[in-house]
Amino acid sequence: MVKIAEEGGYDFHLLKGVIQVNDEQYDRTAEKAIELMDGDVDGKQVAAWGLTFKARTDDLRESPSLEVLGRLAARGAKVRAYDPAVSHQLDGIEVVTDPYDACDGADVLLVLTEWDEFKWLDLGEVKARMATPAVVDARNLLDR
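1453 is the number of the first residue of the sequence shown in this note's numbering; add one for each residue after it.
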C-alpha cells in the first residue's frame, strides 16, 4: 500500500509508522531469544510453535513468525518448527509434525502463534527434550 500511495504522490505516514512498529516488534522478539542464548545464536537450535500469521488458518503471508525466525536463521540459528496447519518445508525452517519434536535439543522455544493446542502441552516433556529450558512466549499463551 505504501508503494501504491507513493506512486500516487501521497506520503502514507501512518502506514509507514505501523510497518516500523511491527519491524521493531519482530526484532524485540528475536532479541529476547538471542539473550536467552547468551547473545550467540550461530549453530544453536531454535524451536518454534506457530508459523501462520494467526491461529486457525494455514495462511503464511505476512506472518510475524516467519519474520522473527528469519532474523534468527540469518544469524546462524538452526530452526525447527511445528504448526498444526503447516506440513510442507519452508526455506531455512525444518517443519515437523509434532510440537514436542520441534523441541528436541533446542536451546530456546518461541511460541509465536496462539494455537489453543499449545496451552495443553506437557511442559515437563518440553523441558526434558530441550538442551536448555528457555521459552519466549510471544503470545502469552503458556501463562498457567
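Even for Gly, the Cβ is constructed at its ideal location relative to N, Cα and C.
- Of the other Cβ atoms in all chains shown, 16 or more fall within 10 Å of the Cβ of THR1565; this residue is therefore buried.
- Using a Cβ distance threshold of 8 angstroms, ALA1499 and ALA1580 do not count as a contacting pair.
- One Cα belongs to ALA1525, the other to ALA1482, and the distance between them is close to 10 angstroms.
- Taking a C-beta distance under 8 angstroms as the contact criterion, VAL1563 and LEU1594 qualify as a contact pair.
- Residue environment analysis places LYS1571 among the exposed positions, since fewer than 16 neighbouring C-beta atoms fall within 10 angstroms of its C-beta.
- For ARG1532, the pairing in a beta bridge is given by DSSP as ALA1499, GLU1546.
- For ASP1553, the enclosing alpha helix (DSSP H) has its first and last residue at 1551-1555.
- Within its own chain, the residues whose Cβ lies closer than 6 angstroms to the Cβ of VAL1531, once the five positions on either side in sequence are excluded, are VAL1498, LEU1521, ALA1525, ILE1545, listed in chain order.
- Under a 10 Å Cβ-count criterion, GLY1491 is classified as exposed, with fewer than 16 other Cβ atoms of the shown protein chains found around its own Cβ.
- Bridge pairing for LEU1562: ALA1500, VAL1588 [DSSP].
- When C-alpha distances from SER1515 are compared across VAL1493, ARG1523, LEU1503, the shortest belongs to LEU1503.
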